[in-house]
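Scroll down for the structure; my scribbles are underneath it.
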Amino acid sequence: MAKKNKSVRRRRKRRVLFGIELFVLLILVGGLFIYAKVNEKMNKLNLDNNNSEEASQVEVNEDVIGSKTLKGFTNIALFGVDNREENVKSGQSDTTIIASINNDTKEVKLVSLYRDTYVNIGNDVYTRCNAAYNTGGPTQAMSMINTNLDLNITNYVAVNFKALATAIDCLGGLDVDMTYVEIVNMNDYCVETAKVTGMDYEPIELPEYPGDDKQESEIIGNYHLNGVQATAYCRIRYTSGWDMKRTERQRYIISLIVEKAKKASLSTLNDIMDEVFPMIATDFSKSDLIKLGMGILSYKLGETSGFPTSNMMGEEVKRSPVGEDYVIPTTLETNVKALHQFLFGEESYEPSEIVKQRSDYIAGFSGFGNSYVSDEQKTFISERASTYDGSALKQSSSSGSVSSGDTDDSGSSGYSDYGDSSDYSDSGSSGYSGGGSSDYSDNGSSDYSGNGSSDYSDSGSSDYNSGDDYDDSGDNYDNGYDDSQDNGYSGGGSGDSGDNGSGEYEDYE
C-alpha cells in the first residue's frame, strides 16, 4: 500500500512538472510569436543597414570615450524633421531632443536643444545647431551634439510631422491643458500642418477672452486634441518664452504619448507599427529596438529641460559681432557642466578640451561670457579668448590645447523645466537670462527685441483680442498669425528655410 501511495505521488509530481513545463513552453511560443510579429513589423521601418558603418562616422570627443559614468546610460538623439516630403533623413531638424535612459533605474530624462543655439556644427562652421541635420543628416547632427556637449550618442530616431500626428491619432488623441494664446496659435498652425500631413482637424472654438494678464499665464481648459492639433501645438513658437516654451510643449506632448502608449492595447500598438513605422528613420538594429520596446513598461519619464539654460539672445546678440538671431550659450563650458549634472548626477564634471576651446571661441567672438560667474572669471574667459585671433579659433578643435581655468558653476545648475509659468524671469539660478536684456517682443519680423528686462514677455503688446487677423506691425495679435504664406508660418519673415545663399541657415519658423 505504501508503494502504491509513493507511485501516485510520483505520478502527481510528474504531472505538476509537466504542467509547469507546458506553461513555460506556451510562454516561449507566445513570446516567439510576438517576437516574430514585431520582427515582421520592423521591416516597415527605414532602418539603416550600414548601422556599424554610420556609427563609426559619428564623432565623439576623445575625453568622453570610455567614460564610466556614460556607460551606465543609453543616450539617444530624437529628431523631429521639418521636411515636407517623405524622406526623414534630410531637411532641417525642427526639433532635437536628447533622451537619456538610466540603465539601472530605467528613468528617462529629456533635454531639448534649442534650435538657434550657436555652436560648431562641424568643419569649423559656427551657426545655429539645427543646420547640422540639413548639412549632413543624422550622422553630422549626432556629431554636433557629441562634440559640443561631451556626449556619446550613436543612435537616433527621426520622425516627420505626419508620423507624430498619426501616432497620436492611433492612440485616440491627447488631453492637453492650454492657455488662450495657445489655442489661438494652435488653430493657426493647424492650417499648414493639415496641408503637409494630408490629415483633418476641427478648429477649437475660442473661449471667452480672459484678459491681457491671463491670456498666456492661465490654463483656460483641458482640450482633447487629435494628431494634427497636437502636432500644431508642438510647433507654437511666437509666445512668451519663444523657443524655450516651444520645446517645453514638445516634451509635454511626448510625456502624454508615453503614458498613453504604456496603457495601449496590443491592437493599438499593432496599428501604430503598421501606420507609423514607415515614416520613421533610425539606425537602431531590430534586436536593439525590440530590447528597448520590451522594457517600455518599466521606463518612467523623469525631469525634462532645455539646453542651454544660461544664454543670451535678442537685440544684444544681433548688435554683437554675431549679428544674427542666435541663442548664445553663456558659456558653453558652464552649460555642459550643468547638463552633465542634470543628466548623470556628475557634481564636478570637467568638460573636455574641445568643449573648452569652443566655449572660448563663442565667448570671445560674441562678447558674451557666463552671466553666473564672478567678474574675475569673466575677465579670465575674456583674456583667454583674446589670446587667439579669429582664424586660430576657427581651426579644428582637435588641434592645440587651451588652459581651462576653474569656472565657477554655482547657481547655474538648476537644470530643471520651467513648469507651467510663462514668466521666464532671471532668479539668478536657472532662469533664462543674458545678464541684462532678455525680454523679447515680436516686431513682426521674427526678431527677438529686448527692452532691458529679464522677463520673456511681449512688452505688453501681444494682446490677443477676439479680432480677425494678425496685425503685422507687431503691436497686437488678433487671432494669431497670417496663414497666407506658403509655409503657413507667421512672424513677418519669409518662412523660407535652408541656405539663403549667404552661408547662414535661415529658420524653419
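Per UniProt numbering, the very first residue in the sequence shown carries number 1; after that it's consecutive.
Virtual Cβ for every residue (Gly too), placed ideally from N, Cα, C.
Cut-off 6 Å between Cβ atoms - residues of its own chain near VAL111, not counting five sequence neighbours on either side: ILE98, SER305, PHE307
Beta-carbon gap between VAL276 and ALA167 smaller than 8 Å: yes
Beta-carbon contacts of THR197 that lie in its chain and below 7 Å, excluding the five residues immediately before and after: PHE161, LYS162, ALA165, VAL228
Residue(s) in a DSSP beta bridge with ILE236: DSSP, once it has assigned bridges, lists no residue as partnering ILE236.
Those residues which DSSP pairs with ILE98 across a bridge: ALA77, VAL111
Spatial distance of ILE328 from ASN43 (CA atoms): 42 Å
CB of PHE365 within 8 Å of CB of VAL322, strictly: A contact, by the Cβ cut-off of 8 Å.
DSSP three-state assignment for ASN443, whether helix, strand or coil: Because ASN443 sits at a pLDDT of 38, beneath the cut-off of 50, its placement in the model cannot be relied upon, and the following sentence gives the value as read from the coordinates. Three-state result, ASN443: coil.
Buried or exposed by the 16-neighbour rule on C-beta atoms within 10 Å, applied to LEU266: With fewer than 16 other Cβ atoms within 10 Å, it is exposed.
ASN103 versus GLU208 - alpha carbon distance: 48 Å
Backbone CA spacing between PHE344 and ASN155 [nearest angstrom]: 18 Å
Helix, strand or coil at GLY306 according to DSSP, with G and I counted as helix: strand
Beta-carbon gap between CYS170 and ILE280 smaller than 8 Å: Their beta carbons are not under 8 Å apart, which means CYS170 does not touch ILE280 by this criterion.
DSSP three-state assignment for SER437, whether helix, strand or coil: Note that SER437 scores a pLDDT of 36, beneath 50, so its modelled location is shaky; the value from the coordinates is reported in the next line. Looking at SER437 - three-state DSSP - the assignment turns out to be coil, as it is neither helix nor strand.
Alpha-carbon to alpha-carbon, GLU315 and ILE76: 34 Å
Contained beta strand (DSSP E) runs [length at least 3] in the stretch 245-309, N- to C-terminal order: 280-282, 300-307
Where THR379 falls, given that 16 or more other Cβ within 10 Å makes a residue buried: Legend: pLDDT at THR379 = 47, less than 50; position of this residue unreliable, value from coordinates given subsequently. Exposed, since its Cβ has fewer than 16 Cβ neighbours within 10 Å.
Inter-stretch contact at 8 Å, needing at least 3 Cβ pairs: the stretch 141-148 / the stretch 64-82: yes
Limits of the beta strand (DSSP E) - the one that ILE220 falls within: 219-225
Own chain residues within Cβ distance below 6 Å of THR387, not counting five before or after: Unreliable positioning characterises THR387 in this predicted model, as indicated by a pLDDT of 43, which lies under 50. A coordinate reading is not provided.
Span separating the alpha-carbon of ILE101 from that of TYR299: 8 Å
Where MET312 falls: helix, strand or coil (DSSP): strand
CA nearest to the CA of GLY137, picked from GLY172, ASP94, ILE254, GLU347: ASP94
Pick from LYS106, LEU174, MET186 that is closest to GLY72, judged by C-alpha positions: LYS106
Unbroken beta strand (DSSP E) run spanning MET178, endpoints: 174-179
Candidates TYR126, SER255, TYR326, GLU353: closest to GLU303 by CA position: For the options TYR126, SER255, TYR326, GLU353, the alpha carbon positioned closest to that of GLU303 is the one of SER255.
Spatial distance of SER352 from LEU292 (CA atoms): 30 Å
Spatially closest choice to ASP243 from ILE219, ILE354, MET313, by CA coordinates: MET313
Segment limits, beta strand (DSSP E) that includes ASN134: ASN134 -> not in any beta strand (DSSP E); alpha helix (DSSP H) instead, spanning 131-149.
Reduced DSSP category for LEU206 - H, G, I as helix; E, B as strand; rest coil: coil
TYR349 versus HIS340, LYS356, GLN357, VAL355, residue with shortest Cα-Cα distance: HIS340
Straight-line Cα distance separating CYS129 from ARG358: 14 Å
N-terminal and C-terminal residue of the alpha helix (DSSP H) that TYR361 is part of: 353-366
Sequence-distant residues of the same chain with beta carbon closer than 7 Å to ARG249, five excluded per side: TYR233, CYS234, ILE236
Residues near TYR114 by beta carbon distance below 8 Å, same chain, minus five either side: CYS129, ASP243, MET244, THR247, GLY306, PHE307, PRO308, ASN311, VAL327
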